[in-house]
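Asks: Numbering (the working numbering), first residue to last: 1197 to 1406. Every residue, glycine too, gets a C-beta built ideally from N, C-alpha and C. Dumping the structure here so I can ask a few things about it.
Here it is in structure tokens:
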């Protein structure tokens, strides 16, 4: 009988509740008192294609390892900490800061666009002023009797040297005045943005001091 394989079934003969444990026959026979009654397990021996009931299996510590162990209890989870609610006095300050930041952002975007447009206009006026200055310089090298024409639309009007010279000087003066106005406008826009930033800094410092 050495090397025979026994099948252990739980629940009694014919129940079909197979435990799934197969053990060598000599191990069972070597245990004293193995024929003691056991209502939980039955021993079957494989004979060809048939199973022969041998009797109940005595309780043994080795068999307890195949029994399902209860899951260990889960440790209690600590309650999640909730963020402290904002006080009634802090809400108006937050709304005021949010409004100030929104206004500052819109002001910065608008200022950047206006400053960019002013830079383009200043560049165009500077080119026009330089062109008038160079033209006047060339005209002054000519004799007074030189015939000169002023372009008006698709026509050219005969003008004297003095008239053309005065027109070019006026053109330079107007360009210079417009450039100064644009520079002052740029300074005002940049200064207004800086003042808005300073106001927000003061609000933040006052809030921290509370």
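Between residue 1393 and chain B, is any beta-carbon pair separated by less than 9 angstroms?
Replies: Here there is only one protein chain, and chain B is not present.
Asks: Between the region 1335-1343 and the region 1369-1385, do three or more beta carbon pairs fall short of 8 angstroms?
Replies: Output reads no: the region 1369-1385 does not touch the region 1335-1343.
Asks: Using only the alpha-carbon positions, how far apart do residue 1373 and residue 1398 sit?
Replies: Start at 1 with the first residue of the chain shown, and residue 1373 comes out as number 177. Start at 1 with the first residue of the chain shown, and residue 1398 comes out as number 202. Straight-line Cα distance between these residues: approximately 38 angstroms.
Asks: Assign residue 1346 to one of three DSSP states: helix, strand, or coil.
Replies: Here residue 1346 is taken as the residue at index 150 of the chain shown, counted from 1. Residue state, collapsed to three classes: strand.
Asks: Figure out for me which residue from 1391, 1406, 1330 and 1403 has the closest Cα to the Cα of residue 1303.
Replies: Here residue 1303 refers to the residue found at position 107 when the chain shown is read from its first residue. Selected option, being the one with the closest Cα: 1391.
Asks: Taking one C-beta from the region 1347-1354 and one from the region 1299-1313 each time, how about it: are there three or more such pairs within less than 8 angstroms?
Replies: They do not touch, by the three-pair rule.
Asks: Can you round the beta-carbon distance between residue 1300 and residue 1396 to whole angstroms, since I take them to be within the 8 angstroms contact cut?
Replies: For the purposes of this step, residue 1300 is taken as residue 104 along the chain shown, with counting starting at 1. For the purposes of this step, residue 1396 is taken as residue 200 along the chain shown, with counting starting at 1. Yes, they are in contact, since the Cβ atoms of residue 1300 and residue 1396 sit about 6 angstroms apart, within 8 angstroms.
Asks: In chain order, which continuous runs of the alpha helix (DSSP H) of length 4 or greater are located wholly inside the region 1345-1405?
Replies: Correct list: 1357-1405.
Asks: According to DSSP, is residue 1341 part of a helix, a strand, or is it coil?
Replies: Translated into positions along the chain shown, residue 1341 becomes position 145. In the structure shown, residue 1341 sits in coil (DSSP, three-state: anything other than H, G, I, E or B).
Asks: Closest to residue 1394 by C-alpha separation, out of 1291, 1290 and 1297, would be which residue?
Replies: To locate residue 1394, count along the chain shown from 1; it is residue 198. Checked all of 1291, 1290 and 1297; the closest Cα to residue 1394 is 1297.
Asks: Would you mind sorting residue 1400 into buried or exposed? The rule is 16 or more other CB atoms within 10 Å of its CB.
Replies: Position 204 of the chain shown, counted from the first residue, corresponds to residue 1400. By the 10 Å Cβ count, residue 1400 comes out exposed.
Asks: Could you give the C-beta distance for residue 1376 and residue 1311, rounded to a whole number, given that I count them as a contact under 8 angstroms?
Replies: Here residue 1376 is taken as the residue at index 180 of the chain shown, counted from 1. Here residue 1311 is taken as the residue at index 115 of the chain shown, counted from 1. No, residue 1376 and residue 1311 are not in contact; Cβ-Cβ is about 16 angstroms, not under 8 angstroms.
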